[in-house]
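S.K.:
Numbering (the numbering used here), first residue to last: -5 to 550.
1) Would you say residue 23 and residue 347 are within 9 Å of each other, going by their C-beta atoms?
2) Taking buried to mean at least 16 other C-beta atoms within 10 Å of its own C-beta, is residue 92 buried or exposed?
3) Alpha carbon to alpha carbon, how far is residue 541 from residue 371? Give it in angstroms, no decimals.
4) In the DSSP assignment, what residue or residues form a beta bridge with residue 294?
5) For residue 192 and residue 306, which I take to be in contact (beta-carbon distance under 8 Å), what is that distance rounded to the nearest angstrom?
6) Going by the beta-carbon positions, is the gap between residue 185 and residue 144 smaller than 9 Å?
7) When DSSP labels each residue in this structure, what does residue -4 get in the three-state scheme?
8) Based on the DSSP output, what are the partners of residue 175 in its beta bridges?
9) How many angstroms separate the CA atom of residue 238 from the CA atom of residue 280?
10) Name the residue from 48, 38, 313 whose alpha carbon lies nearest to the alpha carbon of residue 300.
11) Along the chain, where does the beta strand (DSSP E) containing residue 248 start, and where does it finish?
12) On the CB-based measure, 16 or more other CB atoms within 10 Å of its CB, does residue 163 come out buried or exposed?
13) Would you grab the beta carbon distance between residue 105 and residue 538 for me? Rounded to a whole angstrom, and I think it's under 8 Å.
14) Relative to the alpha-carbon of residue 103, which residue among 544, 407, 438, 326 has its alpha-carbon at the smallest distance?
15) Going by DSSP, name the residue or residues bridged to residue 572.
16) To which residues of the same chain is residue 115 closer than 6 Å at the C-beta, ignoring the five residues directly before and after it?
17) Taking Cβ positions, are residue 515 and residue 499 nearer each other than 9 Å?
18) Assuming residue 340 contacts residue 64 (C-beta within less than 8 Å), just tell me the rounded distance between them.
19) List in chain order: all unbroken alpha helix (DSSP H) runs of 4+ residues lying wholly within the segment 440 to 489.
20) What are the partner residues of residue 80, as DSSP defines its beta bridges?
21) Can you check the segment 283 to 335 for any alpha helix (DSSP H) of at least 4 residues that lies completely inside it and give the ranges in chain order?
22) Going straight from the alpha carbon of residue 196 to that of residue 311, what length do you get?
23) Under a Cβ-count criterion, where at least 16 other Cβ atoms within 10 Å of its own Cβ denotes burial, should residue 374 be classed as buried or exposed?
24) From residue 119 to residue 479, what distance separates their C-alpha atoms?
25) With distances taken from CA atoms, which of 242, 502, 229, 263 is nearest residue 248?
26) At which residues does the beta strand (DSSP E) containing residue 235 begin and terminate?
27) Does any C-beta atom of chain D lie closer than 9 Å to the C-beta of residue 238?
28) Is it the case that the Cβ atoms of residue 453 and residue 273 are separated by a distance below 9 Å?
29) What does a CB cutoff of less than 6 Å around residue 171 pick up in its chain, not counting 5 residues either side in sequence?
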């Protein structure tokens, strides 16, 4: 900044960036360990959403492994896990009217065995974690973004929060509030998938050296209220096959409590065809007869979308650096074959807490806590990630082997069923997702059916259900390295895929005065991060908007 700004400075022992499951588990475990040692360790959690849980979205069938360690008495404490998974169903869809059930799915596909798990709202579970954190004396600041990392002598010392009250022209408005300086002896980055500060840290400290590039998917979720006669509480259904176009996409359909179902669709972002629209693939899937017959008598009450991180074992970066640690999906701890990452994210945060408490106890400040890596590698998380390491590469490579990827699916299933993830080799997926995209001229256009307003809907009506809102008069948080590239490069070469991969209608190519323009409707952004990942020119950079902006998910 060119002018000196007087900022408030707040200092803590530990600063946590992100109020999701990994960040809150880190903070809670630190306080628990401090209490056991009769020590006072100050902890602050910074959350960009309007409240804890506002930006949280997940399926979610929850594996309580880490929760059992963090709170053995979680039932007595009222954790919102009210729906045990009672039945697993796996379907392969051949067309919009044909499908078959995979027999004995829990045996043939062990990763889909959900015995002992719970169907839940991750947003509400995170709110419960926030309540537990506050009861332990943890300070939580919702509605504040971590905009910039404070570095001193190459050591992370904390963060600057985002300024408030800056106009879209960069001028200070009457409501202007300067950023705050939040400092910690250690800072834990728990931003979730594709965290914008985590991305900077990985680049600055070369944390992904000798690793595969990270890989992602875009996940959609809707909540529907359905007829009681169609509701089968505790049933967990997954599907694959139709309508996926050149991808190994899949769906979930979970029967929760109160006659509600949580349903969604995941499209891997290493797809090749720039004409593909993940959102429309999801809407089309709902027209399968097995899905439509349930939904057409129901009512859609919520919608959201979020990128998920699925590179796994081969892509996980080094998670420590001078002055801080990466935890959860900021580093990529999701178990992709299970489609579960909450338990692993929580555990990674708990391990981080143990390592930081040891360092503080020995008065080691601002160090690179490489012992975190050793403890992580000796934990059950690493065992899970190792066993699942070949799943993603099998699925990706299987598309090249023919039969619409089914050979790859078969090899992945054999790996998990017969070898239990212990094949004597490790496959790689060395191409970044954005670089998998082919030129538009090399690919067939995809025609999607128009939404019918009964089970399928347009993007804008969906965004409305996400309760997304941003202050309109602020700088655009979807920044372009080069404003000319969308029209001069991406449009002629890739038919500007941002128009399709964005699940919220943020990006449009419009014509004005006979000239094509790239229009960014930042107000619609649901903070999924897909544009930051999939843009073939790597020209879009997602940064934090003003605090409290984005979706406000009530129970996703």
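Backbone N, C-alpha and C fix where the C-beta goes; we use that ideal spot for every residue, glycine too.
These numbers were taken from a predicted model, which means no experiment stands behind them.
M.R.: According to the data block:
1) Taking 9 Å as the Cβ cut-off, residue 23 and residue 347 qualify as a contacting pair.
2) Exposed.
3) Whole-angstrom Cα-Cα distance: 35 Å.
4) Beta-bridge pairing links residue 294 to 218.
5) With 8 Å as the limit, residue 192 and residue 306 do not qualify as a contact, their Cβ atoms being about 17 Å apart.
6) With a cutoff of 9 Å on beta-carbon distance, residue 185 and residue 144 are scored as not near each other.
7) Because the pLDDT at residue -4 is just 42, under 50, the model does not fix this residue reliably, and the value given afterwards should be weighed accordingly. Secondary structure at residue -4: coil, using DSSP grouped into helix, strand and coil.
8) According to DSSP, residue 175 shares a beta bridge with 3, 154.
9) The straight-line gap from Cα to Cα measures roughly 12 Å.
10) The candidate whose alpha carbon is nearest that of residue 300 is 48.
11) 244 to 249 is the span of the beta strand (DSSP E), which, as asked, contains residue 248.
12) By the 16-neighbour rule on beta-carbons within 10 angstroms, residue 163 is exposed.
13) Rounded, the Cβ-Cβ distance is 34 Å, inconsistent with contact.
14) Closest in alpha carbon position to residue 103, among 544, 407, 438, 326, is 407.
15) Absent from the structure is residue 572, since the part of the chain shown begins at -5 and ends at 550.
16) For residue 115, where only same-chain residues beyond five positions count, the Cβ hits under 6 Å are 549.
17) Their beta carbons are under 9 Å apart, which means residue 515 touches residue 499 by this criterion.
18) Contact holds; Cβ gap of about 7 Å.
19) Complete alpha helix (DSSP H) runs here, min 4: 453 to 459, 485 to 488.
20) For residue 80, DSSP records no beta bridge to any residue.
21) Within the segment 283 to 335, the complete alpha helix (DSSP H) runs of at least 4 residues are 283 to 289.
22) Using only the alpha carbons, I get a separation of about 7 Å.
23) Counting the other Cβ atoms within 10 Å of the Cβ of residue 374 gives fewer than 16, which makes it exposed.
24) Cα-Cα distance, rounded: 42 Å.
25) The residue with the shortest Cα to Cα distance from residue 248 is 229.
26) 229 to 235 is the extent of the beta strand (DSSP E) around residue 235.
27) Looking at the structure shown, chain D is missing, and only one protein chain is on hand.
28) Cβ distance < 9 Å, so residue 453 and residue 273 count as in contact.
29) Taken in chain order, the residues that qualify are 158, 159.
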